[in-house]
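Contents: one structure, followed by commentary.
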Amino acid sequence: MAVEITCDDCGNATLLYNPVEAQEKLDRSENTINRHRREGWLEGIQIGQAYYYTERQIREGIRLQEEREAERTSK
8 MAVEITCDDC
18 GNATLLYNPV
28 EAQEKLDRSE
38 NTINRHRREG
48 WLEGIQIGQA
58 YYYTERQIRE
68 GIRLQEEREA
78 ERTSK
């Protein structure tokens with residue numbers, strides 16, 4: 008379950024998703040999520056050895072996936 012965190016700078020609350028939740032939302036495997044993060048397609052927040060993702064980061068990842076899929080199908 009996503010955890011609500013508060014930004015220290017602006018005070019706004021946001022949801023933070025663990026890796027499994029991000030995989031489900033993005034409909035991608037752990038390996039794909041990790042590769043996208045390493046390649047810069049998906050931002051994440053490292054806490055300990057794991058990465059966590061905000062709703063904004065996941066939405067951006069979905070948008071980029073849709074763009075890439077549209078490019079592939081238009082060729």
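Positions in the sequence shown are counted from 1; adding 7 to them yields this note's numbering. Heads up, the beta-carbon is just placed ideally off N, CA and C, and yes, glycines get one too.
Distance, residue j Cα to residue i Cα
i, j, result
"MET8", "TYR60", "12 Å"
"PRO26", "GLU78", "27 Å"
"LEU71", "ARG45", "15 Å"
"TYR24", "LEU49", "13 Å"
"ASP16", "SER81", "42 Å"
"VAL10", "GLU62", "11 Å"
Nonlocal neighbours in the same chain, by C-beta distance under 7 Å from residue i, ignoring five residues either side
i, result
"ALA29", "ILE40, TYR60, ILE65"
Neighbourhood of residue i by C-beta, 8 Å cutoff - its chain only, sequence neighbours within 5 removed
i, result
"ILE69", "LYS32, LEU33"
With 16 other Cβ atoms within 10 Å as the buried cut-off, status of residue i
i, result
"GLY51", "buried"
Element boundaries [alpha helix (DSSP H), containing residue i]
i, result
"GLN56", "Neither: GLN56 is in no alpha helix (DSSP H) and is coded neither H nor E."
"ALA29", "26-33"
"GLU163", "The displayed coordinates of the chain run from 8 to 82. Any statement about residue 163 would go beyond what the structure contains."
"GLU37", "37-45"
Same chain, Cβ closer than 6 Å to residue i, five either side skipped, listed in chain order
i, result
"THR13", "ALA20"
Extent of the continuous beta strand (DSSP E) to which residue i belongs
i, result
"GLU11", "10-13"
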